[in-house]
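J.: Residue numbers (our numbering): 7 to 489.
Ideal placement from N, C-alpha and C gives every residue a C-beta, glycine not left out.
Given the structure is predicted, the values throughout are model-derived calculations rather than measurements.
Provided herewith is a single structure, encoded as structure tokens, for subsequent inquiry.
Structure below.
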């Protein structure tokens with residue numbers, strides 16, 4: 007029997023894997039709701055129908071739900087959104103969808119939530135709080151439903167996996183921890199999709215909350231060590247950092263800097279709560295065919311290394327001769343946009359972006375792995391946005407004048423100075439009244455002081471950690487070179 011399934015959030019990480027699996031099966035007919043037509047799925051027409059709609063506007067999709075055997079609700083706001091955005095989509099969007107399902111006579115509702123909805127400590131975490139409230143709406147809906155709560159979902163395109171990879175590559179990892187190390191039980195996205203499929207095939211929509219995780223729980227510290235071992239052949243150094251003051255500081259910064267911050271206070275909740283599923287029948291069925299955590303990590307690292315160069319881990323050698331990957335070029339292009347906004351307050355032209363990319367390559371400033379630990383931190387911070395670029399530059403102008411960030415800014419300024427219209431910013435001299443000039447100097451001095459203070463708060467601890475890391479790995483490197 008062909009099952010007709012209506013799916014929200016199909017363009018997301020889990021949704022894409024689910025669609026790929028189901029369109030390959032012979033007994034599924036999918037209706038996926040997206041905000042716009044996705045050309046990459048046009049070839050699957052027949053097995054898949056795209057419904058262009060808005061979760062908050064039921065008139066755009068209510069008719070598509072009619073006649074479906076089940077609705078799978080994956081759509082949600084994640085990342086660094088404002089609290090009101092979480093509320094609008096995760097809570098109100100779920101409420102509107104449930105009402106549309108009841109009106110269309112949908113027999114089953116599968117709500118894909120998150121392990122964070124059950125966290126004991128949801129401080130500063132509107133995502134977890136809104137997902138918990140969405141679950142409450144599902145329970146009160148009167149529909150036959152099931153709620154699935156995955157733990158940390160891994161995969162090649164997983165946001166959390168890519169973040170963990172970047173962390174694991176650091177020579178010294180500051181791990182935010184509370185009084186004890188939390189436990190995690192990560193699961194591969196393929197197993198999450200397999201679980202959703204098993205649930206639909208079973209028809210067991212009995213109002214259960216089914217938490218899904220990987221083969222075994224392990225301390226977060228051990229989990230990071232396994233990733234490091236897969237990357238380097240051995241675990242790296244991890245030091246404990248008290249989590250409470252970090253979360254409080256990030257929470258204070260969020261209202262003004264949320265979009266520029268690499269992580270929010272709420273996202274650190276994963277370091278303050280266990281992410282371990284409770285036992286249930288669906289998890290028991292999945293575990294029988296699930297690879298070990300070590301095998302999953304090794305496979306993901308191997309997939310990420312495909313196409314890599316043999317020059318990996320050789321900083322500073324023959325940088326100019328190395329070809330840039332598309333990803334490296336894209337990083338430089340985004341870097342150019344961020345630094346140009348800081349220097350002249352406007353977006354760069356395509357010509358400036360291309361010239362900067364070429365100049366960075368020619369001056370051996372193109373590859374992050376060529377730089378020191380602290381240089382990588384300053385460059386990463388400057389890429390986060392105009393204000394953080396100003397803060398990083400203010401600090402480096404005094405304490406790290408020959409660093410990579412300053413050299414990149416000099417290269418970009420030289421390009422902007424010789425290209426219209428940005429050249430006018432460097433050449434323009436405006437006559438001003440003495441009082442106005444004085445006020446401008448005071449304003450500039452105040453902005454510089456604030457930028458330097460913010461840069462010092464972030465970069466001074468980073469410089470100490472990088473120095474400690476260099477001291478700890480330096481003797482080992484010298485010993486190997488002497489052999």
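Could you give the first and the last residue of the continuous beta strand (DSSP E) run that contains residue 149?
T.: On the chain shown, residue 149 is found 143 positions in, with the first residue counted as 1. Note, residue 149: premise wrong, no beta strand (DSSP E); not H, not E.
J.: Within this structure, are the beta carbons of residue 103 and residue 14 separated by less than 9 Å?
T.: Here residue 103 refers to the residue found at position 97 of the chain shown. Here residue 14 refers to the residue found at position 8 of the chain shown. The Cβ atoms of residue 103 and residue 14 sit closer than 9 Å to each other.
J.: May I have a chain-ordered list of the alpha helix (DSSP H) segments no shorter than 4 residues that lie completely inside the region 64-90?
T.: For the region 64-90, whole alpha helix (DSSP H) runs of length 4 or above, ordered along the chain, are 68-71.
J.: When burial is assigned at 16 or more other CB atoms within 10 Å of the CB, is residue 357 buried or exposed?
T.: Taking the first residue of the chain shown as 1, we reach residue 357 at position 351. Exposed is the call here.
J.: Hey, would you say residue 126 sits closer than 9 Å to residue 67, going by beta carbons?
T.: On the chain shown, residue 126 is found 120 positions in, with the first residue counted as 1. On the chain shown, residue 67 is found 61 positions in, with the first residue counted as 1. Taking 9 Å as the Cβ cut-off, residue 126 and residue 67 do not qualify as a contacting pair.
J.: Count the CB pairs spanning the region 277-294 and the region 192-210 that are closer than 8 Å, and state whether there are at least three.
T.: The region 277-294 is in contact with the region 192-210.
J.: Name the DSSP beta bridge partners of residue 117, please?
T.: As a working note, residue 117 is residue 111 in the chain shown. Looking at the DSSP assignment, residue 117 forms a beta bridge with 79, 153.
J.: Looking only at DSSP bridge pairs, what is residue 217 linked to?
T.: Here residue 217 refers to the residue found at position 211 when the chain shown is read from its first residue. 155.
J.: What is the residue span of the alpha helix (DSSP H) that residue 203 lies within?
T.: Position 197 of the chain shown, counted from the start, is the residue given in the question as residue 203. Run containing residue 203: 195-208, per the alpha helix (DSSP H) assignment.
J.: Taking 9 Å as the threshold (C-beta atoms), are residue 16 and residue 22 in contact?
T.: Reading the chain shown from its first residue, position 16 is the one you call residue 22. Reading the chain shown from its first residue, position 10 is the one you call residue 16. Note that the C-beta distance between residue 22 and residue 16 is below 9 Å.
J.: Which residue wins for smallest C-alpha separation from residue 502, given the options 114, 471, 57, 96?
T.: The shown model of the chain, from 7 to 489, leaves out residue 502, and the question about it has no answer.
J.: Enumerate in chain order the residues of its own chain whose CB-to-CB distance from residue 380 is below 6 Å, with the five nearest sequence positions on each side excluded.
T.: For the purposes of this step, residue 380 is taken as the residue at position 374 of the chain shown. Excluding sequence neighbours, residue 380 sits near 469, 472.
J.: Can you tell me the Cα-Cα spacing of residue 220 and residue 296, whole angstroms?
T.: For this step, residue 220 is matched to residue 214 along the chain shown. For this step, residue 296 is matched to residue 290 along the chain shown. Whole-angstrom Cα-Cα distance: 7 Å.
J.: CB-CB under 6 Å to residue 72, same chain, minus the five flanking residues each way: which ones, in chain order?
T.: Against the chain shown, residue 72 aligns to sequence position 66. Cβ within range, chain order: 110.
J.: Span of the alpha helix (DSSP H) holding residue 235?
T.: As a first step, residue 235 is located in the chain shown; it is residue number 229 there, counting from the start. Here the alpha helix (DSSP H) through residue 235 covers 226-238.
J.: Do three or more CB pairs link the region 140-157 to the region 177-186 at distances below 8 Å?
T.: Using a Cβ-Cβ distance cut-off of 8 Å, the region 140-157 and the region 177-186 are not in contact, since fewer than three pairs of beta carbons, one from each stretch, lie closer than that value.
J.: Residue 385 and residue 410: beta carbons closer than 9 Å?
T.: Numbered from its first residue, the chain shown carries residue 385 at position 379. Numbered from its first residue, the chain shown carries residue 410 at position 404. Less than 9 Å separates the beta-carbon of residue 385 from that of residue 410.
J.: Please return the same chain residues whose Cβ sits closer than 6 Å to the Cβ of residue 82, not counting the five positions on each side in sequence.
T.: Within the chain shown, the letter at position 76 stands for residue 82. Once the five neighbours on either side are set aside, the close Cβ partners of residue 82 are 96.
J.: Candidates 92, 70, 254, 337: which alpha carbon is nearest residue 139's?
T.: The residue labelled residue 139 in the question sits at position 133 within the chain shown. The residue from 92, 70, 254, 337 with its alpha-carbon nearest to that of residue 139 is 92.
J.: Please classify residue 341 as buried or exposed, where buried requires at least 16 other C-beta atoms within 10 Å of its C-beta.
T.: Against the chain shown, residue 341 aligns to sequence position 335. Sixteen is the threshold: when 16 or more other Cβ atoms of the shown chains lie within 10 Å of the Cβ of residue 341, as they do, the residue is buried.
J.: To the nearest angstrom, how far is the alpha carbon of residue 421 from that of residue 350?
T.: As a working note, residue 421 is residue 415 in the chain shown. As a working note, residue 350 is residue 344 in the chain shown. Cα to Cα, residue 421 sits roughly 12 Å from residue 350.
J.: If you reduce the DSSP assignment to three classes, tell me which class residue 55 lands in.
T.: The count along the chain shown starts at 1 and reaches residue 55 at position 49. In this structure, DSSP gives residue 55 an extended state, which the three-state scheme calls strand.
J.: What does a CB cutoff of less than 6 Å around residue 257 pick up in its chain, not counting 5 residues either side in sequence?
T.: Residue numbering aside, residue 257 sits at position 251 when the chain shown is read from its first letter. Annotation for residue 257: 130, 271 place their beta carbon closer than 6 Å to its own, counting only its chain and skipping 5 residues before and after.
J.: Can you check DSSP and say which residues form a bridge with residue 35?
T.: On the chain shown, position 29 is the one that residue 35 refers to. In the DSSP assignment, residue 35 forms a beta bridge with 10.
J.: Beta-carbon separation of residue 309 and residue 217 under 9 Å?
T.: As a first step, residue 309 must be located in the chain shown, where it is residue number 303. As a first step, residue 217 must be located in the chain shown, where it is residue number 211. In this structure, residue 217 does not lie closer than 9 Å to residue 309 by Cβ.
J.: Which residue's Cα is closest to the Cα of residue 136: 166, 88, 175, 173?
T.: Here the question's residue 136 lines up with position 130 in the chain shown. Measuring from the Cα of residue 136, the nearest candidate turns out to be 88.
J.: By DSSP, does residue 60 sit in helix, in strand, or in coil?
T.: Within the chain shown, the letter at position 54 stands for residue 60. Three-state DSSP puts residue 60 in a strand.
J.: With a CB to CB cut of under 8 Å and the five nearest residues on each side skipped, what residues in its chain are close to residue 412?
T.: Position 406 of the chain shown, counted from the first residue, corresponds to residue 412. So the list reads 399, 402, 403, 406, once near-sequence residues are dropped.
J.: How far does the alpha helix (DSSP H) with residue 382 in it extend, from its first residue to its last?
T.: The residue you call residue 382 lines up with position 376 of the chain shown. For residue 382, the uninterrupted alpha helix (DSSP H) segment begins and ends at 379-388.
J.: Only counting the same chain, and skipping five residues up and downstream in sequence, which positions put a Cβ closer than 8 Å to that of residue 70?
T.: For this step, residue 70 is matched to residue 64 along the chain shown. Excluding the 5 residues flanking it on each side, residue 70 has same chain C-beta neighbours closer than 8 Å at 12, 37, 39, 55, 57, 59, in chain order.
J.: Within its chain, find whatever has a CB closer than 8 Å to the CB of residue 458; leave out the 5 residues flanking it on each side and keep chain order.
T.: Stepping through the chain shown from its first residue, residue 458 is reached at position 452. Same-chain partners within the cutoff: 397, 400, 401, 404.
J.: Checking 9 Å against the spacing of the C-beta atoms, do residue 121 and residue 298 come in under that value?
T.: Within the chain shown, numbered from 1, the residue matching residue 121 stands at position 115. Within the chain shown, numbered from 1, the residue matching residue 298 stands at position 292. It is not a contact, given that the beta carbons lie outside the stated cut-off.
J.: Quick check on residue 282: does DSSP put it in helix, strand or coil?
T.: Start at 1 with the first residue of the chain shown, and residue 282 comes out as number 276. DSSP places residue 282 in coil when its eight states are reduced to three.
J.: Terminal residues of the continuous beta strand (DSSP E) containing residue 251?
T.: The residue labelled residue 251 in the question sits at position 245 within the chain shown. Run containing residue 251: none in the beta strand (DSSP E); it sits in the alpha helix (DSSP H), 249-263.
J.: Between the Cα of residue 191 and those of 185, 232, 425, 416, spot the shortest distance and give me the residue it belongs to.
T.: For the purposes of this step, residue 191 is taken as the residue at position 185 of the chain shown. With distances taken between Cα atoms, residue 191 lies closest to 232.
J.: Find the nearest neighbour of residue 151 within the set 112, 362, 388, judged by alpha-carbon distance.
T.: In the chain shown, counting from the first residue as 1, residue 151 sits at position 145. Closest by C-alpha distance to residue 151, out of 112, 362, 388, is 112.
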